[in-house]
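Residue numbers (this note's numbering): 3 to 439.
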């Protein structure tokens with residue numbers, strides 16, 4: 003097909019919309035079946051952390067607030083818990099309100115549909131980052147790849163935050179990119195609100211909160227930039243602000259989202275097997291025995307970890323090497339909250355997208371640099387929080403879709419580059435470079 007024929011086909015009314023709908027349906031169809039099968043076939047009672055989320059969600063579903071650790075504010079619209087980020091508990095409790103208390107089957111069903119729709123968001127993100135046929139190829143390939151990623155899809159059956167967190171983080175990326183493509187400040191407000199909800203579900207994109215404002219500031223040729231920035235800031239304040247205010251009401255201290263950061267940091271040290279002087283770290287039982295309140299107890303855990311690092315700085319490399327090893331870990335099964343999850347695809351898919359993404363960053367770095375910067379920053383924030391706090395293998399699972407987008411770009415970017423060589427039919431490349439989504 004020559005250049006004129008490609009252009010005529012692409013400019014035909016409804017052609018792009020029809021293609022987009024077809025791709026979205028194919029991605030959703032590839033994802034929904036396996037996820038519904040997982041959700042409907044899982045009947046193991048909640049384990050470990052799942053029980054904690056369930057325990058918090060029941061009072062919220064009854065309109066009683068959530069179980070307090072220190073002070074009870076049952077009238078507060080976000081409940082009365084500060085120990086964990088409230089996002090997933092509110093999601094879980096809301097389903098209980100609608101479908102019945104401890105209706106685990108309903109939660110799993112909702113999560114299956116939500117996770118399948120996340121695959122569509124991956125497709126849309128690829129379209130918005132690169133535009134044209136190239137963006138569609140990148141998004142479609144990444145979405146199909148992640149649709150079969152077993153380590154991610156298995157979470158739809160668990161009462162854990164992965165499914166909701168992924169959906170919100172991808173929604174943020176899509177809305178942020180759409181706001182710039184269509185020059186809509188209202189979408190920047192929506193994107194920032196989605197980012198805030200992402201962080202009150204799991205604060206692993208906390209560095210993206212200021213980073214998003216900087217990203218908007220760096221946006222090339224964006225009209226009404228001040229309005230985008232102002233509405234983005236408002237969206238963050240409207241979502242994270244009430245949680246921070248609630249924490250202040252309880253504790254009289256500035257706690258952005260939740261209080262358990264000290265304990266997670268402490269665990270990242272105590273689980274290292276070959277420390278120089280592990281006996282110098284106070285045991286968890288000894289700190290619990292002090293009978294401290296929630297904030298003071300977390301401060302004690304944090305202080306114990308920091309004191310050890312100051313006394314033994316030579317142990318820092320092995321501590322962070324262990325965290326990096328956990329984040330790299332890819333194998334055929336992972337035990338999450340005491341339940342073994344069989345993940346044979348993880349052995350090859352995670353290393354593939356991680357290496358592909360790193361190489362993809364170096365491929366034609368000036369092309370779509372600003373949208374790719376948002377993907378890279380979102381990835382970097384999640385890895386960085388894991389390294390600062392306590393790395394667990396499950397924390398890297400929601401990063402895979404973003405890695406897959408950059409890895410798919412490595413493949414299709416090379417194809418596009420070859421097609422652009424002198425003497426090649428350059429019509430598809432011209433279409434790929436078109437600014438339309």
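Cβ coordinates follow ideal geometry from the N, Cα and C atoms, glycine included.
Please read these numbers as outputs of a predicted model, since none were measured by experiment.
Do residue j and residue i come within 8 Å of each other at the CB atom, strictly closer than that value?
i: residue 25; j: residue 142; result: yes
i: residue 380; j: residue 140; result: no
i: residue 391; j: residue 261; result: no
i: residue 166; j: residue 252; result: no
i: residue 147; j: residue 400; result: no
i: residue 41; j: residue 118; result: no
i: residue 226; j: residue 280; result: no
i: residue 415; j: residue 365; result: yes
i: residue 323; j: residue 278; result: no
i: residue 395; j: residue 309; result: no
Which same chain residues, not among the five before or five after residue i, have their C-beta less than 7 Å away from its C-beta?
i: residue 182; result: 221 and 224
i: residue 436; result: Annotation note: pLDDT 39 at residue 436 (below 50); position unreliable, coordinate value reported separately. Answer for residue 436: 133 and 134, listed in chain order.
i: residue 172; result: 120, 123, 124, 127 and 403
i: residue 301; result: 264
i: residue 197; result: 174, 207, 210, 211, 214 and 238
i: residue 50; result: 339 and 340
i: residue 189; result: 177, 180 and 181
i: residue 52; result: 160, 161, 162 and 339
i: residue 284; result: 306
Can you tell me which of the options puts its alpha carbon nearest to the alpha carbon of residue i?
i: residue 46; options: 113, 146 and 106; result: 106
i: residue 111; options: 228, 89 and 97; result: 97
i: residue 90; options: 57, 231 and 246; result: 57
i: residue 232; options: 195, 362 and 345; result: 195
i: residue 389; options: 332, 326 and 340; result: 326
i: residue 199; options: 31, 163, 353 and 370; result: 163
i: residue 114; options: 38, 321, 217 and 60; result: 38
i: residue 249; options: 202, 288, 282 and 283; result: 202
i: residue 360; options: 382, 370 and 372; result: 382
i: residue 60; options: 136, 367, 230 and 101; result: 101
i: residue 158; options: 86, 144 and 108; result: 108
i: residue 35; options: 156, 144, 353 and 328; result: 156
i: residue 144; options: 354, 333 and 205; result: 354
Give the C-beta separation of residue i and residue j to the nearest angstrom, bearing in mind that I take them to be a contact with Cβ-Cβ under 8 Å.
i: residue 347; j: residue 151; result: 6 Å
i: residue 29; j: residue 116; result: The pair is not a contact, with the Cβ atoms about 14 Å apart (cut-off 8 Å).
i: residue 234; j: residue 193; result: 7 Å
i: residue 335; j: residue 344; result: 5 Å
i: residue 296; j: residue 84; result: 7 Å
i: residue 307; j: residue 271; result: 5 Å
i: residue 88; j: residue 274; result: The pair is not a contact, with the Cβ atoms about 31 Å apart (cut-off 8 Å).
i: residue 184; j: residue 376; result: Residue 184 to residue 376, Cβ: 16 Å. No contact.
i: residue 406; j: residue 131; result: At roughly 12 Å, the Cβ-Cβ gap does not stay under 8 Å, so residue 406 and residue 131 are not in contact.
i: residue 321; j: residue 303; result: With 8 Å as the limit, residue 321 and residue 303 do not qualify as a contact, their Cβ atoms being about 15 Å apart.
Could you tell me whether the Cβ of residue i comes closer than 8 Å to any Cβ of chain D?
i: residue 252; result: Within the model displayed, chain D is absent; a lone protein chain is all it includes.
To which residues of the same chain is residue i closer than 8 Å at the C-beta, ignoring the five residues directly before and after it?
i: residue 16; result: none
i: residue 318; result: 311
i: residue 64; result: 103
i: residue 441; result: Beyond the ends of the chain as shown, which are 3 and 439, falls residue 441; an answer cannot be given.
i: residue 386; result: 209
i: residue 240; result: 195 and 198
What are the boundary residues of the alpha helix (DSSP H) that residue i is part of?
i: residue 133; result: Premise fails: residue 133 is in no alpha helix (DSSP H) and is neither H nor E.
i: residue 56; result: 51 to 63
i: residue 295; result: Neither: residue 295 is in no alpha helix (DSSP H) and is coded neither H nor E.
i: residue 324; result: 318 to 330
i: residue 261; result: Counting along the chain, residue 261 falls outside any alpha helix (DSSP H), and DSSP gives it neither H nor E.
i: residue 196; result: 187 to 203
i: residue 286; result: 286 to 290
i: residue 85; result: Careful: residue 85 lies outside any alpha helix (DSSP H) and carries neither H nor E.
With a CB to CB cut of under 6 Å and the five nearest residues on each side skipped, what residues in its chain are close to residue i?
i: residue 269; result: 392
i: residue 22; result: none
For the beta strand (DSSP E) containing residue i, name the first residue and the last one.
i: residue 338; result: 335 to 338
i: residue 238; result: Taken as a continuous stretch (DSSP letters only), residue 238 belongs to no beta strand (DSSP E), being part of the alpha helix (DSSP H) at 227 to 253.
i: residue 344; result: 341 to 344
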